[in-house]
Amino acid sequence: MKQVKRFSYTPILGWSMSRYNMFSICKRKYFYHYYNKYDPELPVRLIRQLKDLSSKPLVIGIAAHEVIQALLTRLGKTNKDIDRVKFIDYALRTSEHLTKTTAFHEVFYREMEEVTIDDIYPKVELCLGNLLDSDRYRWLVEEAIKTSDEWVIEPGGYGETRMDDLKVYFKVDFLFPIGDLLYILDWKTGKQDAERHRKQLVGYSAWASYHFEVEADHVVPTIAYLHPQYQEVEEVFNEFDLEHFAIQVRAETEEMYEYCRDLEQNIPIDKSDFTRIDDPRICSICEFRGLCFPEDYPIEALAEG
29 MKQVKRFSYT PILGWSMSRY NMFSICKRKY FYHYYNKYDP ELPVRLIRQL
79 KDLSSKPLVI GIAAHEVIQA LLTRLGKTNK DIDRVKFIDY ALRTSEHLTK
129 TTAFHEVFYR EMEEVTIDDI YPKVELCLGN LLDSDRYRWL VEEAIKTSDE
179 WVIEPGGYGE TRMDDLKVYF KVDFLFPIGD LLYILDWKTG KQDAERHRKQ
229 LVGYSAWASY HFEVEADHVV PTIAYLHPQY QEVEEVFNEF DLEHFAIQVR
279 AETEEMYEYC RDLEQNIPID KSDFTRIDDP RICSICEFRG LCFPEDYPIE
329 ALAEG
C-alpha cells in the first residue's frame, strides 16, 4: 500500500469541515479561533487561553479515541484476547489524566464547581464496551488482522490533502486494506448527525482516493457510533460524488477567502467585519462567550491568572 503523501507548509488557509462549520455559524468565533493574533483590542494570550478551554463531551471523545488507538496498536501486534480488567484500568487512568489536566469551560464559566472522573468515565467505559462487544471488533480480530502491517491508525499531522488543487483536511481515525478495498472507520461518541457525517464520509473517500491512488468506489468509509449502542453508517461513493463534493468544497473555501485581506499569507480583513451571532443556544456553550458578553460571563479570573 502506498504511503500518505506529505506537503510543504504554505500559509494559505485550508478547508476542513470544522473550520467551515465554525465560519458558517459565527464569524466572530471564527476570528478568535483562527486569527486571534490580529485582534487589535484584546491580549492574544487571553484569547488563546479561552480557545484552549475544552468541554465534557470533547474530553469524553478524546479519551475514547486515545484508548481505541492503544487497543488497535496492540491488536496490530497480537490478536490474543485482551485482559478486560487491565483494559478498563487503562481506560480509567487515561480518563483521569485528561480530567485532571484539562481546563473545562463548564468550570471556568461557573456552570459547575468542578468536573470529576464521574462526569467523564462512565460514558467512556460504555463506549468502549460497546465497541468490544460489536461484530465489527470481532471482524477486526478475525479478518482485518491479516493486513495489520498495513494499518494506518490515527496518522500524524492534520490529514492534509488536495482537492481540485485546494488545500483541504480530513483526519481519519483508522484505515486498513482488505483485498482491493480500503476501509476507514471513524469513531463517534456523540449524537448522530446524518448530513454532517455523510459529508465526512465523502471527505474520507476523497482523502484515501488521493493519497493511495485508488478509485472512489474502492474506499469503504464508515462512521461508527459508540453511544448509546454500537451502530454504523457506511456509504461507498463514486467519482461523480467526489467531483460534486469538490465543487462544494471550492465554493465554501472561496467564502472563507473573502475574509482574507492577503489570501496567500492568510491575513484577515478587519475584526469588525467578522460579525458575531446572537443566539443564546449557541453562545451559551461557546468558549469565547466571555469576550462577547462580559457582563453575563466575566473573565477576570482567567485574565488575572
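The opening position of the sequence shown corresponds to residue 29 in our numbering, with each subsequent residue numbered one higher.
Backbone N, C-alpha and C define an ideal beta-carbon position, used for all residues, glycine too.
Note on Val-72: under 16 other CB atoms within 10 angstroms of its CB, so exposed under the neighbour-count rule. Under DSSP, Thr-130 takes part in no beta bridge, so it has no partner. Under the three-state reduction of DSSP, Lys-33 is assigned to coil, being neither helix nor strand. Within 10 angstroms of the beta-carbon of Val-230 lie 16 or more other beta-carbons, which makes it buried. Taking a contact as a CB-CB distance under 8 Å, the pair Thr-122 and Ala-91 counts as one, their CB atoms being some 5 Å apart. Counting along the chain, the unbroken beta strand (DSSP E) around Gln-259 starts and ends at 259-262. Taken in chain order, the region 134-185 contains no complete beta strand (DSSP E) segment of 3 residues or longer.
Annotated three-state conformation of Glu-286 is coil, per DSSP. Sixteen is the threshold: when 16 or more other Cβ atoms of the shown chains lie within 10 Å of the Cβ of His-93, as they do, the residue is buried. Taking C-beta atoms under 8 Å as the contact rule, Glu-315 and Lys-79 qualify, at a distance of about 7 Å.
In the three-state reduction of the DSSP assignment, Ser-46 falls in the helix class, which pools H, G and I.
Relative to Gln-97, the option among Asp-117, Leu-156, Glu-139, Pro-296 whose CA is nearest is Leu-156. Counting only residues of its own chain and dropping the five nearest sequence neighbours on each side, Asp-161 has a CB closer than 8 Å to the CB of Tyr-258.
DSSP links Arg-190 through a beta bridge to Lys-195.
Sequence-distant partners of Thr-175 (beyond 5 residues in either direction) whose C-beta falls short of 8 Å from its own C-beta, in its chain, are Phe-204, Pro-205, Ile-206.
For Lys-227, the CB contacts under 7 Å within the same chain, skipping 5 residues up- and downstream, are Met-45 in chain order. The three-state reading of DSSP puts Tyr-253 in strand, counting E and B together.
Under the Cβ criterion (8 Å, minimum of three pairs), the region 47-64 counts as touching the region 299-310. In terms of Cβ geometry, His-246 and Asp-201 do not form a close pair [threshold 8 Å].
A contact is defined here as three or more CB-CB pairs under 8 Å, and the region 305-312 fails this definition with respect to the region 268-278. If you draw a straight line from the Cα of Arg-289 to the Cα of Tyr-149, it is about 45 Å long.
Per the C-alpha coordinates, the member of Gly-184, Thr-217, Val-180, Glu-292 positioned closest to Thr-101 is Val-180.
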